[in-house]
Amino acid sequence: MNVYDAERMEELLGADGMTRAESQDDADLVVLNTCHIREKAAEKVYSEIGRIRKKGEKSGRKAMVAVAGCVAQAEGEEIARRAPSVDVIVGPQAYHRLPAMTRTAAAGTRAVDTDLPTLAKFKALGTARRARPSSFLTIQEGCDKFCTYCVVPYTRGAEVSRPADILLEEARKLADGGAREIVLLGQNVNAYRDEHGVGFGDLIGRVAAIHGIERIRYTTSHPADMTDELIAAHGEIQALMPYLHLPVQSGSDRVLKAMNRSHTAESYSDTIAALRRVRPDIAISGDFIVGFPGETEAEFEETLKIVDATRYAQAYSFKYSPRPGTPAATMDTQIAELVKAERLERLQSALNAQQIRFNQNSVGLCVNVLIERPGKREGQVVGKSPWLQSVHFDAEGAAIGDIVAVEIESAGPNSLAGRRRMSDDRTGRGQVA
Ligand code: SAM
Ligand code: SF4
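Residues in the sequence shown are numbered from 6 upward in steps of one, following the numbering used here.
Below, the structure written as structure tokens:
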């Protein structure tokens with residue numbers, strides 16, 4: 006979502022007469038779009054501000070610095086205190102006001118805005134967008150789930166769904182501009198329901214009907230909002246790609262309850278089984294937290310068990326990071342860093358082995374690839390398989406935005422390589438032959 010937000014900020018500032026600088030050294034304005042989800046991400050902001058300031062002092066060319074995103078929202082006052090050189094502090098729901106704020110700052114007053122007017126922001130942004138072959142579309146923001154470890158409900162605000170008619174207009178414009186794939190975004194994307202009662206499955210169906218849209222993905226979903234209608238959509242909607250990011254966080258029901266997750270290990274596994282019944286080749290990805298306060302060795306091993314049973318294609322895993330203002334941060338059963346690090350290593354080694362196996366199973370298949378960008382070598386391009394694997398191959402006449410058939414010849418941990426099979430070029434999902 007930060008990538009989407011950054012693109013929209015660039016569009017806004019572009020409309021206000023600015024152009025993207027070749028490098029940070031040439032910039033009059035540097036916008037740091039920040040993440041507050043873990044302490045490490047938040048601390049990066051302060052070191053980056055210090056680096057920019059030092060660079061300015063050395064070159065005598067002082068760029069205006071704006072801190073945007075969730076660190077700005079959560080730590081606005083602290084930023085002003087710790088980094089007085091910052092000119093603009095703008096939260097994730099107020100960045101439509103960024104052009105006006107830069108003018109205030111240019112006149113010599115620091116501009117700060119951490120309001121949460123989500124729908125007003127989208128109204129101000131409009132629906133005209135620069136399309137990419139795979140384009141992001143934020144449909145929902147904020148979260149009402151309040152998992153006990155998570156800052157999102159505080160930094161992004163309450164759950165808000167954008168009206169379906171506006172989203173379809175934005176999606177149509179993206180398709181007209183050359184988008185072949187739309188990635189529907191939200192902190193809790195599958196809780197989407199607009200004010201007229203349009204639900205998530207219905208919205209996916211309507212986006213799929215837009216001429217030019219061949220592929221749809223969505224992220225991030227909550228297991229408790231995987232309705233029967235949505236699961237059925239994975240079997241019915243051709244454009245819906247066979248890949249789902251469905252975070253489980255832990256395999257222990259006691260830990261899940263302490264996290265205020267409203268699913269259990271069993272309900273999660275049942276959802277995965279139901280998805281595999283309607284779409285046998287669906288690739289599953291997930292998020293995990295190790296070392297949540299009070300997590301015992303036996304509870305951690307339940308997480309390893311659910312990994313074993315689920316067979317992930319990809320995953321993100323993190324050491325629990327106490328976040329100020331969240332209930333888990335003050336629990337008195339915090340786990341030692343060393344224990345968290347050791348558990349993370351064991352979990353990641355299991356997840357990496359599954360990812361490598363998943364990729365190796367693609368060797369020999371002929372798959373449809375949406376070409377997204379040039380590769381490193383002359384003539385080479387990089388695109389995505391239906392299962393979100395990066396695929397490198399020689400374009401042999403194909404262009405960015407094309408969907409072509411590629412025979413997979415080799416697999417690494419993070420990507421695949423192959424050769425185009427001209428006779429099989431076609432659009433659509435999945436494996437060609
Ligand atoms: N809404 C999504 C869900 O319900 O799973 C997650 C969105 S969150 C931005 C992305 C991931 O960050 C979470 O799934 C979780 O694994 C991780 N995360 C959130 N807070 C964390 C914390 N305090 N420490 C470590 N990881 C955290
Ligand atoms: Fe955070 Fe996701 Fe839980 Fe919401 S559902 S509080 S975004 S982890």
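Heads up, the beta-carbon is just placed ideally off N, CA and C, and yes, glycines get one too.
Between which two residues does the beta strand (DSSP E) holding residue i run?
{"i": "arginine 220", "result": "220 to 224"}
{"i": "lysine 389", "result": "385 to 389"}
{"i": "histidine 397", "result": "395 to 399"}
{"i": "glutamate 412", "result": "408 to 416"}
{"i": "glycine 423", "result": "420 to 425"}
{"i": "phenylalanine 323", "result": "319 to 324"}
{"i": "leucine 249", "result": "248 to 250"}
Who are the near neighbours of residue i in its chain, counting only those whose CB is closer than 6 Å to its CB and skipping five residues on each side?
{"i": "glycine 433", "result": "Note that glycine 433 scores 49 on pLDDT, short of 50, meaning its location in the model is unreliable and no value can be drawn from it."}
{"i": "glutamine 319", "result": "Ser290 and Gln360"}
{"i": "aspartate 21", "result": "Pro104"}
{"i": "valine 76", "result": "Thr39, His41, Ala47 and Val50"}
{"i": "threonine 109", "result": "Ala116"}
{"i": "aspartate 31", "result": "none"}
{"i": "glutamine 353", "result": "Ser322"}
{"i": "glycine 183", "result": "Ala136 and Gly406"}
{"i": "phenylalanine 305", "result": "Arg348"}
Can the beta-carbon of residue i be found closer than 8 Å to that of residue j?
{"i": "leucine 142", "j": "leucine 190", "result": "yes"}
{"i": "leucine 375", "j": "isoleucine 413", "result": "no"}
{"i": "isoleucine 289", "j": "tyrosine 317", "result": "yes"}
{"i": "leucine 172", "j": "isoleucine 215", "result": "no"}
{"i": "threonine 114", "j": "glutamine 98", "result": "no"}
{"i": "methionine 246", "j": "asparagine 195", "result": "no"}
{"i": "tyrosine 273", "j": "valine 260", "result": "no"}
{"i": "valine 188", "j": "arginine 222", "result": "yes"}
{"i": "proline 459", "j": "asparagine 364", "result": "In the structure displayed, the chain extends from 6 to 438; residue 459 sits before or after that span and is not available."}
{"i": "methionine 336", "j": "glycine 299", "result": "yes"}
{"i": "valine 411", "j": "cysteine 371", "result": "yes"}
{"i": "arginine 185", "j": "glutamate 219", "result": "yes"}
{"i": "valine 91", "j": "alanine 85", "result": "yes"}
{"i": "glutamine 192", "j": "cysteine 152", "result": "no"}
{"i": "lysine 389", "j": "serine 139", "result": "yes"}
{"i": "threonine 308", "j": "serine 257", "result": "yes"}
{"i": "valine 79", "j": "tyrosine 100", "result": "The displayed chain sequence assigns alanine, not valine, to residue 79. The answer is no: Cβ separation not under 8 Å."}
{"i": "leucine 121", "j": "leucine 17", "result": "no"}
{"i": "alanine 226", "j": "aspartate 199", "result": "Just to set this straight, residue 226 is serine in the shown sequence, not alanine. Their beta carbons are not under 8 Å apart, which means serine 226 does not touch aspartate 199 by this criterion."}
{"i": "alanine 341", "j": "valine 312", "result": "no"}
In the DSSP assignment, what are the bridge partners of residue i?
{"i": "arginine 378", "result": "Val387"}
{"i": "glutamate 186", "result": "Ser139 and Arg220"}
{"i": "aspartate 118", "result": "Val95"}
{"i": "asparagine 373", "result": "Ala410"}
{"i": "methionine 69", "result": "Leu34"}
{"i": "arginine 198", "result": "Gly204"}
{"i": "glutamate 146", "result": "Val165"}
{"i": "leucine 245", "result": "Ile221"}
{"i": "glutamine 254", "result": "Phe293"}
Taking the alpha helix (DSSP H) that residue i falls in, what are its first and last residues?
{"i": "threonine 39", "result": "Taken as a continuous stretch (DSSP letters only), threonine 39 belongs to no alpha helix (DSSP H), being part of the beta strand (DSSP E) at 34 to 39."}
{"i": "glutamine 360", "result": "342 to 365"}
{"i": "aspartate 292", "result": "Premise fails: aspartate 292 lies in the beta strand (DSSP E), 288 to 295, not in any alpha helix (DSSP H)."}
{"i": "lysine 63", "result": "44 to 64"}
{"i": "leucine 309", "result": "302 to 315"}
{"i": "threonine 276", "result": "270 to 283"}
{"i": "asparagine 7", "result": "7 to 20"}
{"i": "isoleucine 84", "result": "75 to 87"}
{"i": "threonine 107", "result": "103 to 111"}
{"i": "tyrosine 159", "result": "157 to 160"}
Leaving out five residues on either side along the sequence, give the residues of the same chain with a beta carbon under 8 Å from the beta carbon of residue i.
{"i": "alanine 400", "result": "Ile376, Gly384, Gln385, Val386 and Arg425"}
{"i": "glutamine 29", "result": "Val35, Ile57, Lys60 and Ala68"}
{"i": "isoleucine 405", "result": "Pro138, Ile376, Glu377, Arg378, Pro379 and Val386"}
{"i": "methionine 14", "result": "Val36, Asn38, Ala73, Tyr100 and Leu103"}
{"i": "alanine 125", "result": "His101"}
In its own chain, which residues sit with a C-beta less than 7 Å from the C-beta of residue i, not counting the 5 before and 5 after it?
{"i": "alanine 88", "result": "Tyr51 and Ile54"}
{"i": "lysine 324", "result": "Val295, Gly296, Lys345, Ala346 and Leu349"}
{"i": "tryptophan 392", "result": "Pro247, Tyr248, Ala288 and Ala318"}
{"i": "methionine 106", "result": "Val93, Val95, Ala116 and Asp118"}
{"i": "arginine 43", "result": "Phe323 and Ser326"}
{"i": "alanine 229", "result": "Ser267 and His268"}
{"i": "lysine 178", "result": "Thr132, Ala133 and Arg134"}
{"i": "alanine 416", "result": "Asn364, Gln365, Ser367 and Val368"}
{"i": "glycine 65", "result": "none"}
{"i": "tyrosine 9", "result": "Phe141, Thr143 and Leu190"}
{"i": "aspartate 33", "result": "Ala68 and Met69"}
- Query: Using 8 Å as the threshold, is the segment 265 to 283 in touch with the segment 236 to 243, meaning 3 or more CB pairs across them?
  - Reply: Contact between the segment 265 to 283 and the segment 236 to 243 is present, because at least three Cβ pairs lie under 8 Å.
- Using 8 Å as the Cβ pair cut-off and three pairs as the minimum, do the segment 151 to 161 and the segment 169 to 183 touch? Cβ pair count under 8 Å is below three, so no.
- Is the segment 197 to 206 touching the segment 148 to 157, taking contact as three or more C-beta pairs under 8 Å? Because the criterion of three Cβ pairs below 8 Å is not met, the segment 197 to 206 and the segment 148 to 157 do not touch.
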